[in-house]
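Before any comments, here is the structure.
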Amino acid sequence: MQTKIAPSILSADFSAMGEAVKKLEKCGADLIHCDVMDGTFVEPITFGGQMIKNIRPLTKLPLDAHLMIAHPKTQIKFFAEAGADIITVHYKACAEISETYLKETLELIKSYGVKCGAVVNPDVPVEKIYDVFPLCDMVLLMSVYPGYGGQKFIPEVLEKVKKARAYAIKIGKADMDIEIDGGVTEENAAQIRAAGANVLVAGSTVFKAQNMTATIANLKK
Ligand code: DX5
Ligand code: ZN
């Protein structure tokens, strides 16, 4: 499977976001990863649908909205209408509400014609979201605890990546996107890909790069 790189704009200079997005596209990014934080599900607050709406006309790349928010169902409309191409929601945020909330939220995302995905934190077994694999276009396995960029990769997540890819194959979705988010570097990218992940989020690695084009290319090969 071809590897896709999804730089996280969390590491960009927020006062020059438009330029950052254009540069990412020019340097070979495959998706733009947009980290949405609400100050409740995670401590920081980043941005909402308005950011998606404003960067939408600046790039042809798919916008990957990673919602680290409580009560995600209430916000889907705004992100879908703003132009997100894929919206991912956290298992934990949904499980706190009800057993069916995750499935309902994924179905709501799909009803807007937007791709959907479920996210699990490092301490949540991937089996918890097996029941929604058939609905998901992508599964996101966090390799850090959400909230901050620049954290260290948690290597135990690699076993979960293998399980997720094996389960996707088992249910006939061999080419489902499996995304890894947090602490991805040029040093660990090869083992992450070998475990079965094909979408790599990278914030600090890409934004701190001396040569962004070369760094994005290295993360892929
Ligand atoms: C963490 C975010 C990630 C993170 C990636 O809460 O979801 O997207 O910022 O940043 P790096 O690549 O710096 O770990
Ligand atoms: Zn993210």
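Its first residue numbered 61, the sequence shown is counted upward by one per residue in our numbering.
We treat Cβ as the ideally placed atom computed from N, Cα and C, and that holds for glycine.
This one's a predicted model, so the numbers in the text were calculated from it and none came from an experiment.
Given this structure, state the Cα-to-Cα distance separating residue i from residue j, to the nearest angstrom.
{"i": "serine 71", "j": "proline 122", "result": "18 Å"}
{"i": "threonine 148", "j": "phenylalanine 267", "result": "23 Å"}
{"i": "aspartate 235", "j": "methionine 61", "result": "7 Å"}
{"i": "valine 199", "j": "glutamine 211", "result": "21 Å"}
{"i": "tyrosine 205", "j": "arginine 225", "result": "21 Å"}
{"i": "tyrosine 161", "j": "threonine 134", "result": "11 Å"}
{"i": "threonine 63", "j": "threonine 275", "result": "14 Å"}
{"i": "lysine 220", "j": "valine 81", "result": "31 Å"}
{"i": "lysine 137", "j": "alanine 130", "result": "15 Å"}
{"i": "proline 132", "j": "alanine 155", "result": "11 Å"}
Assuming residue i and residue j make a contact with CB atoms under 8 Å, what is their CB distance in whole Å?
{"i": "leucine 260", "j": "isoleucine 238", "result": "Contact flag wrong, Cβ pair sits at about 10 Å."}
{"i": "valine 295", "j": "lysine 152", "result": "A query on residue 295 cannot be resolved here, the shown segment of the chain reaching from 61 to 281 and no further."}
{"i": "serine 68", "j": "alanine 262", "result": "7 Å"}
Residues in the same chain with beta-carbon distance under 6 Å from residue i, minus the five sequence neighbours each way, listed in chain order, please.
{"i": "serine 264", "result": "Ser71, Gly209 and Gly210"}
{"i": "histidine 150", "result": "Val179"}
{"i": "glutamate 85", "result": "Thr119 and Leu121"}
{"i": "alanine 142", "result": "Gly109, Ile112 and Lys113"}
Keeping to the same chain, check which residues put their C-beta closer than 7 Å to that of residue i; ignore five residues upstream and five downstream.
{"i": "lysine 188", "result": "Tyr151 and Val180"}
{"i": "glutamate 103", "result": "Gly207"}
{"i": "tyrosine 227", "result": "Tyr190 and Phe193"}
{"i": "alanine 144", "result": "Ile112, Leu123, Ala125 and Val174"}
{"i": "alanine 269", "result": "Thr275"}
For residue i, which residues from the same chain have a beta carbon less than 8 Å from its beta carbon, with the 5 sequence-adjacent residues on both sides left out?
{"i": "threonine 106", "result": "Leu70, Asp95, Val96 and Met97"}
{"i": "lysine 163", "result": "Asp191, Val192 and Leu195"}
ask   = Which runs of the alpha helix (DSSP H), 4 residues or longer, sit entirely within the stretch 84-153?
value = Qualifying alpha helix (DSSP H) stretches, in chain order: 109-115 and 136-142.
- Return the chain-ordered ranges of every beta strand (DSSP E) run that is complete within the stretch 151-202 and spans a minimum of 3 residues. For the stretch 151-202, whole beta strand (DSSP E) runs of length 3 or above, ordered along the chain, are 175-180 and 198-202.
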